[in-house]
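Residue 26 in my numbering sits at position 18 of the sequence shown, with consecutive numbering throughout. One structure is given here, and the rest of the page talks about it.
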Amino acid sequence: MSAALQAIPVGELAARVGQRVGSSPWVLIDQDRINRFADVTGDHQFIHVDPERAAREAPFGGTVAHGYLTLSLLAGLFQQAVPPLEGASMMVNYGLNAVRFLAPVRTGRRIRAHFTLKQASQRQPGQWLIVFVASMEIEGEERPALTAENVLLVMVPPGPGDVPEG
9 MSAALQAIPV
19 GELAARVGQR
29 VGSSPWVLID
39 QDRINRFADV
49 TGDHQFIHVD
59 PERAAREAPF
69 GGTVAHGYLT
79 LSLLAGLFQQ
89 AVPPLEGASM
99 MVNYGLNAVR
109 FLAPVRTGRR
119 IRAHFTLKQA
129 SQRQPGQWLI
139 VFVASMEIEG
149 EERPALTAEN
159 VLLVMVPPGP
169 GDVPEG
């Protein structure tokens with residue numbers, strides 16, 4: 009995470025709902041990254057790993073990244089784009105809502121993610137549910153590669169008044 013990112017106190021998140029909280033740096037999606045993802049997942053469909061055949065037979069003019077590859081990059085891009093949450097002891101992925109793959113990411117293109125805060129609510133003392141709308145931009149293209157709601161559970165150590173008596 010960049011040192012330039014100013015921490016956001018967890019208690020101030022609700023006031024930032026509707027705001028873009030961060031954008032990641034550009035990331036190159038090259039054939040090597042696509043091939044390594046194919047090897048890890050076992051998804052060797054020709055549109056991803058065979059440049060010659062993809063150029064002949066696919067409508068994209070060459071290979072494209074797996075949709076799940078671009079989706080999997082959200083976690084790391086989030087860490088580079090969104091400021092740390094001051095007071096949080098731990099943040100875990102809670103799930104994704106409304107994932108849509110809107111445009112293919114052609115090999116050799118660069119992508120970056122933008123994160124807009126959609127929801128920040130305290131579920132119980134010490135536990136916040138945070139939802140960011142993520143949009144994966146493809147450099148030079150109008151349509152994003154994907155959009156998704158990134159749902160996170162944030163743990164905050166209890167304050168002096170939050171500890172139950174008994």
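Glycine included, every Cβ here is placed at the ideal spot set by N, Cα and C.
Item                                                                                                    : Value
Buried/exposed call for G30, threshold 16 Cβ in 10 Å                                                    : buried
Local Cβ density within 10 Å of V35, reported as buried at 16 or more and exposed below that            : buried
Cβ separation of V25 and L125, assumed to be a contact under 8 Å, to the nearest whole Å                : 5 Å
G69 vs R114 beta-carbon contact at 9 Å                                                                  : yes
CA nearest to the CA of H52, picked from R64, A73 and R151                                              : A73
Through-space distance from V164 to P152, alpha-carbon basis                                            : 33 Å
N-terminal and C-terminal residue of the alpha helix (DSSP H) that G84 is part of                       : L82 to A89
Continuous alpha helix (DSSP H) stretch holding E175: start and end                                     : Since the displayed the chain opens at 9 and closes at 174, residue 175 lies outside it and no answer follows.
For L13, three-class secondary structure by DSSP                                                        : coil
Beta carbon of L21 nearer than 9 Å to that of A128                                                      : yes
Classification of L110 by the beta-carbon crowding that lies within 10 angstroms, buried from 16 upward : exposed
C-beta atoms of L161 and L79 nearer than 9 Å                                                            : no
Contact set for V107: own chain, Cβ-Cβ below 6 Å, skip 5 residues either direction                      : A156
Per DSSP, cross-strand counterpart(s) of F68                                                            : Answer is none; F68 lacks a bridge partner.
Reduced DSSP secondary structure (H/G/I, E/B, other) of L161                                            : strand
Spatially closest choice to G116 from H122, P59, I16 and V48, by CA coordinates                         : P59
Best match in T49, V139 and V57 for proximity to N101 [C-alpha to C-alpha]                              : V139
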